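Q: Residue numbers (our numbering): 578 to 1145. Idealized CB from N, CA, C, for every residue including glycine. Owing to the predicted nature of the structure, the values given are computational and were not obtained by experimental measurement.
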Amino acid sequence: MYGSLGFRILKSKAPQHAFGNGFGTYNSSRFIHTLPFATVKVEEISGAQPAESDEFGYVIHDPKQSSFSLQGSWTRSSNWNTILDPLNGESFIKVAEVDEKGILPFVESLSQCPKHGLHNPFKAPERYLMLGDVTAKAANKLSLPEVSDFFAKLIQRVAPKSYQQALGEVVVTQKFLENFCGDQVRFLARSFSVPGNHLGQHSHGFRWPYGPVAIITPFNFPLEIPVLQLMGALYMGNKPLLKVDSKVCIVMEQMIRLLHHCGLPKEDIDFINSDGNTMNKLLMEAKPRMTLFTGSSRVAEKLAVDLKGRIKLEDAGFDWKILGPDVQEEDYVAWVCDQDAYACSGQKCSAQSMLFMHENWSKTSLVSKLNDLAARRKLEDLTIGPVLTFTTEAMLNHTNKLLKIKGSKLLFGGEALHNHSIPAVYGAIKPTAVFIPLTEILKDDNYELVTKEIFGPFQILTEYKQDQLPLVLNILERMHAHLTAAIVSNDPLFLQEVIGHSVNGTTYAGLRARTTGAPQNHWFGPAGDPRGAGIGTPEAIKLVWSCHREVIYDLGPLPEKWEIPKAT
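This is the structure we're talking about:
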């Protein structure tokens, strides 16, 4: 067995209320001895007693160095990054990170993969079958209640969200793996042929790997995003280097162990923990043929320049929802709005950031119901919880700036959570909604402020009248992020008008439209940007992880009595 991927885990006094009912019915400690890949007990990830990770897993002992996955083996590091428990501020995980002096082995590992990849339609095609078999085994493992429960609770521990939200992430990942079992991997590489101009000539289009590639993923979906992109990269023949946000990388470490257990060759993946500057330097030196980045727009734009465009992005999403003129199923629509804005404490790239209410909806009790639904959210079951990228002060300051806009008002929230031990480096506010008049949003002095993405439990509400739909569409046109959107209406002419004048790559339309909760059975990704990445579907995998190669066969025979023609 191989050593750990760089974790020291500290046992602590984590607040038990945080994992009460939200932790489901399974007892993780019962399963640790029956999960052959697992090297950690979820309930022991805390801060009172030191635990070590040695070559055979996590045991209670004196701490020592641990390691990273490189070319199928682990390399030791002594550079530690201490992760604070998002629920109580204790040092509960120490991640061994590579610094800039230690990147050379990773650079060399990527350089050993040729541009034509680990496999392609003309090279090592048996790998398509091998990956189909590995995927089938992994899908089966994740379908087991004890395994899905293990990952759901591990996700909860490092990226606090309700058990149902965490389990949903595991289920989507498992269903994705089911979709690519057996022959489905080689079906991704399906080619096409076109007859030529003469006998013996025909052209073939193939999907071709990039070879050495890199994947950088964020904290908010520590299992789903890296697994779906990692497997897509492998399916198409690439050698990926994976970096997950260090705050949550323990989740993917355990998943890689599961994949190894299911037969994935250990040298197929390199996995690194590092800070952003180190990873940037590694990318500049290794020059991967393609990099997939999921995260902030600021970093995305920097990488796009640094990597000279060899990148696919799934960056920020200031996502909108429009309630059309046909009011119906008020309770259901209110519930979906609450889920879209505040599930996972609003820390989804698809979270509802702005709600446009037709004047007909403004006459209903919708806002009151939104307030009531938001008030149900409690830290005890993690239906509201720590915000890992914005502090409480930053979110409340943003709220106060918005409330200086003429006609604005606080609908609910706008204050810090009480009676908690969430550290100040993170955020903790009540679900918040601020109303801004439509005409004020359009003003140049206000637009950037109003459309700033707050990656937390925060949204903007506004109202439009029947003749103001063009103003709404103007607001949408000026936005720079075009990820998800929802048009809540069963009026076909209204849907036609809004869809035809908007861009968002994943748009839900109809009475049950939402912005979040994308499953594995449809495309998820932005539109309107040639760098936009997709995830989850055959189309997304082929777009992100392969390029087109045309092979033209021209075998003859030559025409009878062929002669060299005149010079041209």
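Short check: CB of S1066 to CB of G901, under 8 Å?
A: On the sequence shown, position 489 is the one that residue 1066 refers to. On the sequence shown, position 324 is the one that residue 901 refers to. Yes.
Q: State buried or exposed for T1093, treating a residue as buried only when at least 16 other CB atoms are found within 10 Å of its CB.
A: Here residue 1093 is taken as the residue at index 516 of the sequence shown, counted from 1. Classification for T1093: buried.
Q: Over the uninterrupted beta strand (DSSP E) stretch that includes E667, give me the two end residues.
A: As a working mapping, residue 667 is identified with position 90 in the sequence shown. Element bounds for E667: n/a, residue is neither H nor E.
Q: How long is the line joining the alpha carbons of A911 and G840, rounded to whole angstroms?
A: Locating residue 911 in the sequence shown gives position 334, where the first residue counts as 1. Locating residue 840 in the sequence shown gives position 263, where the first residue counts as 1. C-alpha separation (whole angstroms): 46 Å.
Q: Alpha carbon to alpha carbon, how far is L1132 from E1140?
A: For the purposes of this step, residue 1132 is taken as residue 555 along the sequence shown, with counting starting at 1. For the purposes of this step, residue 1140 is taken as residue 563 along the sequence shown, with counting starting at 1. Their backbone Cα atoms lie some 18 Å apart in a straight line.
Q: Using a Cβ-Cβ cut-off of 6 Å (strictly less than) and excluding sequence neighbours within five positions of L695, which residues of its own chain qualify?
A: Working through the sequence shown from its first residue, we reach residue 695 at position 118. Around L695: G814 and K816.
Q: Taking the C-alpha atoms as reference points, what is the distance between L800 and C1124?
A: By 1-based counting over the sequence shown, the position of residue 800 is 223. By 1-based counting over the sequence shown, the position of residue 1124 is 547. The alpha-carbon atoms of L800 and C1124 are separated by roughly 26 Å.
Q: If you compare alpha carbons, which of L1050, H975 and F1035 is closest to A920?
A: By one-based count along the sequence shown, residue 920 stands at place 343. With distances taken between Cα atoms, A920 lies closest to F1035.
Q: Pick helix, strand or coil for Y740, following the three-state DSSP scheme.
A: Locating residue 740 in the sequence shown gives position 163, counting from the first residue. Helix at Y740.
Q: Within this structure, are the beta carbons of K963 and G1004 separated by less than 8 Å?
A: Counting from one through the sequence shown, the residue named residue 963 turns up at place 386. Counting from one through the sequence shown, the residue named residue 1004 turns up at place 427. The question names Lys, but residue 963 in the sequence shown is Pro. Contact: yes.
Q: With respect to the alpha helix (DSSP H) encompassing Y812, which residues constitute its N-terminal and C-terminal limits?
A: On the sequence shown, residue 812 is found 235 positions in, with the first residue counted as 1. Residues E801 to Y812.
Q: Run through the DSSP bridge pairs and tell me what S770 is partnered with.
A: Counting from one through the sequence shown, the residue named residue 770 turns up at place 193. H781.
Q: Considering only the beta carbon of each residue, do I1064 and G1033 sit closer than 8 Å?
A: Residue numbering aside, residue 1064 sits at position 487 when the sequence shown is read from its first letter. Residue numbering aside, residue 1033 sits at position 456 when the sequence shown is read from its first letter. Cβ atoms of I1064 and G1033: not closer than 8 Å.
Q: Going by CA-CA distance only, name the one from V1049, A1001 and H995 that's closest to K1020.
A: Numbered from 1 along the sequence shown, position 443 holds the residue referred to as residue 1020. Looking at the Cα atoms, V1049 is the closest of the given residues.
Q: Given this structure, state the Cα-to-Cα distance separating V1128 from L1072, to the nearest angstrom.
A: Residue 1128 sits at position 551 when you count from the first residue of the sequence shown. Residue 1072 sits at position 495 when you count from the first residue of the sequence shown. If I take the Cα positions, the gap works out to 43 Å.
Q: Run the CB neighbour count on Q924, radius 10 Å, all protein chains shown included, and call it buried at 16 or more, exposed below.
A: In the sequence shown, residue 924 corresponds to position 347, counting from 1. It counts as buried.
Q: Do R1108 and I888 have their C-beta atoms closer together than 8 Å?
A: The residue given as residue 1108 occupies position 531 in the sequence shown. The residue given as residue 888 occupies position 311 in the sequence shown. Yes; because the gap between Cβ atoms is below 8 Å, this pair is in contact.
Q: Within 10 angstroms of the Cβ of G759, are there 16 or more other Cβ atoms? Answer buried if so, exposed if not.
A: The residue you call residue 759 lines up with position 182 of the sequence shown. Flag for G759 reads exposed.
Q: Taking 7 Å as the line, does the beta carbon of C1124 fall inside it for any heavy atom of the ligand ZN?
A: In the structure shown, the ligand ZN is absent, as is every other ligand, since no ligand is present at all.
Q: Less than 7 Å between C-beta atoms, sequence neighbours within five positions excluded: which residues of the same chain meet that for Q905?
A: The count along the sequence shown starts at 1 and reaches residue 905 at position 328. Here Q905 has L1088 as same chain residues with Cβ atoms under 7 Å from its own Cβ, once five neighbours each way along the sequence are excluded.
Q: Smallest Cα separation from E907: which of K940, G886, R763 and V876?
A: Residue 907 sits at position 330 when you count from the first residue of the sequence shown. E907 has its Cα closest to that of K940, out of K940, G886, R763 and V876.
Q: Return the CA-CA distance between Y740 and N1023, expressed in angstroms with no decimal places.
A: For the purposes of this step, residue 740 is taken as the residue at position 163 of the sequence shown. For the purposes of this step, residue 1023 is taken as the residue at position 446 of the sequence shown. Taking the straight line joining both Cα atoms gives about 38 Å.
Q: Quick one: grab the DSSP three-state call for P627.
A: By 1-based counting over the sequence shown, the position of residue 627 is 50. The predicted model places P627 with a pLDDT of 31, which falls under 50 and marks its position as unreliable; any figure quoted below should be read in that light. Looking at P627 - three-state DSSP - the assignment turns out to be strand.
Q: Restricting to Cα atoms, I'd like to know which of I1076, A1058, Q831 and I1037 is closest to P1047.
A: In the sequence shown, the residue the question calls residue 1047 occupies position 470. Minimum Cα distance to P1047 is reached at I1076.
Q: Would you please state the rounded distance, in angstroms, between the beta carbons of T1084 and F933? I believe it to be under 8 Å.
A: Locating residue 1084 in the sequence shown gives position 507, counting from the first residue. Locating residue 933 in the sequence shown gives position 356, counting from the first residue. Going by Cβ atoms, the distance from T1084 to F933 rounds to 14 Å, so no, they are not a contact pair.
Q: Within 10 angstroms of the Cβ of E786, are there 16 or more other Cβ atoms? Answer buried if so, exposed if not.
A: Taking the first residue of the sequence shown as position 1, residue 786 is located at position 209. Here the sequence assigns Pro to residue 786, which means Glu is not the residue at that position. When all chains shown are included, P786 counts as buried.
Q: From the DSSP output, in three-state form, read off I999 for me.
A: As a working mapping, residue 999 is identified with position 422 in the sequence shown. Coil.
Q: Classify M861 as buried or exposed, calling it buried when 16 or more other Cβ atoms lie within 10 Å of its own Cβ.
A: Locating residue 861 in the sequence shown gives position 284, counting from the first residue. It is exposed - the Cβ of M861 has fewer than 16 other Cβ atoms within 10 Å.
Q: Going along the chain, which residues of its own chain have a beta-carbon closer than 8 Å to the beta-carbon of E674, five neighbours each way excluded?
A: As a first step, residue 674 is located in the sequence shown; it is residue number 97 there, counting from the start. Within the same chain, E674 has close Cβ partners G583, S654, N656, W657, N658, S823, N850, S851, D852 and T855.
Q: Buried or exposed: which applies to Y812, given that a residue is buried once 16 or more other Cβ atoms fall within 10 Å of its Cβ?
A: As a position in the sequence shown, residue 812 is number 235, starting the count at 1. Counting Cβ neighbours within 10 Å, Y812 comes out buried, since at least 16 surround it.
Q: Using the Cα positions of E755 and K714, report the straight-line distance between them to the nearest angstrom.
A: By one-based count along the sequence shown, residue 755 stands at place 178. By one-based count along the sequence shown, residue 714 stands at place 137. Distance between the alpha carbons of E755 and K714 is about 9 Å.
Q: Report the CB separation of K1119 from R704 in whole angstroms; it is logged as a contact under 8 Å.
A: One-based indexing of the sequence shown puts residue 1119 at position 542. One-based indexing of the sequence shown puts residue 704 at position 127. No, K1119 and R704 are not in contact; Cβ-Cβ is about 17 Å, not under 8 Å.
Q: Pick from R763, I680 and Q831: whose alpha carbon is nearest that of P567?
A: This structure leaves residue 567 out entirely; the chain is present only between 578 and 1145.
Q: Which class does D1022 belong to by DSSP, given the choice of helix, strand or coil?
A: Position 445 of the sequence shown holds residue 1022. DSSP places D1022 in the helix class (H, G or I) of the three-state scheme.
Q: With E992 as the anchor, note down where its beta strand (DSSP E) starts and where it stops.
A: Stepping through the sequence shown from its first residue, residue 992 is reached at position 415. First-last for E992: undefined, no H or E at that position.
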